[in-house]
Amino acid sequence: MSTTAASAGTLSTFLVRLADFAEPSPHDDVLDVACGPSLMAHALEGRVGRITVAGIGPEPSGQGFPADPSALPFADGSFSLVTARFALHRLTDPAAALREMLRVCHPSGRIVLADLARTNLSSDHRDALERVRDPGFRSIPRIDGLLAMVEGAGARITGMDLLSVERPAAPWLEAAPSPAIAERLREVLLAEVDGGPKTGAKPRVIGGELWFTQTWAHLVARPAGA
């Protein structure tokens with residue numbers, strides 16, 4: 001599905017869509033594995049029984065407590081719903097993190113993942129662009145690779161929602177390490193608009209504002225024996 005955000009603020013529409021995709025229940029005991037602030041906890045608030053946030057990665061989440069994604073401090077089968085939004089692509093070993101999420105997920109529960117993805121025919125140029133903006137960035141997995149990684153961790157995929165999201169570049173550029181880097185990235189994207197080298201970001205100018213495109217994958221997976 002292709003979607004254009006009307007403004008940076010309306011991106012919360014996609015968070016609501018992800019929360020709905022998770023099919024939350026008042027009986028759910030949720031673990032959100034978050035890299036940075038846990039927006040999922042905010043989206044699920046009032047729709048589930050309890051939410052625990054495990055902050056991972058180099059940046060504190062500001063919520064919950066820090067955790068090692070390859071050794072989560074919870075007993076087997078502790079949660080009916082385990083979520084991770086835009087976290088896997090920042091991890092050194094996302095497969096190990098997935099195995100841990102499955103371990104702490106109840107056998108009748110489910111895992112809901114949201115992350116950047118690349119179409120199976122796209123180039124690696126998109127990764128290079130992201131790494132310049134975010135030194136902690138690892139890579140954007142191809143869709144088939146993402147599915148294989150989830151299944152290889154011991155899960156069966158029961159649902160997928162694939163979105164092509166066109167969004168303003170300004171908020172994305174503001175997260176660059178410095179204004180100089182942000183400006184350089186902007187120049188690269190504008191050069192592509194003018195016919196320059198392809199970045200994989202499909203930039204264009206709308207109403208005088210620079211926009212670019214990301215592909216997001218939402219997946220629901222269940223323990224293989226469920």
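Note that UniProt numbering gives residue 213 to position 213 of the sequence shown, counting from 1, and the numbers run on in steps of one.
Yeah, the Cβ is synthetic: ideal placement off N, Cα and C, and Gly gets one too.
Between which residues of its own chain and Thr-158 is the CB-CB distance below 7 Å, once the five residues before and five after are set aside? Translated into the one-based positions of the sequence shown, residue 158 becomes position 158. Result list for Thr-158: Val-220, Ala-221 and Arg-222, in chain order.
Residues bridged to Ile-111 [DSSP beta-bridge criterion]: Within the sequence shown, numbered from 1, the residue matching residue 111 stands at position 111. BP columns for Ile-111 point to Val-82 and Ala-221.
Where does Arg-138 fall in DSSP's three states? Here residue 138 corresponds to residue number 138 of the sequence shown, with the count starting at 1. In the structure shown, Arg-138 sits in coil (DSSP, three-state: anything other than H, G, I, E or B).
Within 10 angstroms of the Cβ of Ile-51, are there 16 or more other Cβ atoms? Answer buried if so, exposed if not. Taking the sequence shown and counting its residues from 1, one reaches residue 51 at position 51. When all chains shown are included, Ile-51 counts as buried.
What number of angstroms, rounded off, separates the C-alpha of Met-40 from the C-alpha of Asp-32? Taking the first residue of the sequence shown as 1, we reach residue 40 at position 40. Taking the first residue of the sequence shown as 1, we reach residue 32 at position 32. Approximately 7 Å between the Cα atoms of the pair.
DSSP three-state call for Val-165: helix, strand or coil? Counted from its first residue, the sequence shown places residue 165 at position 165. The answer is strand: DSSP assigns Val-165 an E or B state.
Can you tell me whether Thr-13 is buried or exposed, with buried defined as 16 or more other CB within 10 angstroms of its CB? By one-based count along the sequence shown, residue 13 stands at place 13. Thr-13 should be labelled exposed.
Can you say whether Ser-108 is buried or exposed, counting buried as having 16 or more other CB atoms within 10 angstroms of its CB? Within the sequence shown, numbered from 1, the residue matching residue 108 stands at position 108. By the neighbour-count criterion, in which a residue is buried when 16 or more other Cβ atoms sit within 10 angstroms of its Cβ, Ser-108 is exposed.
Considering only the alpha carbon of each residue, which of Ala-97, Ser-78, Asp-76 and Phe-74 lies closest to Arg-85? Your numbering for residue 85 matches position 85 in the sequence shown. Of Ala-97, Ser-78, Asp-76 and Phe-74, the residue nearest in Cα terms is Ala-97.
For Ser-61, name the three-state secondary structure that DSSP assigns. For this step, residue 61 is matched to residue 61 along the sequence shown. Here the model assigns Ser-61 a pLDDT of 45, short of 50, so the residue's position is not dependable and the matter cannot be decided.
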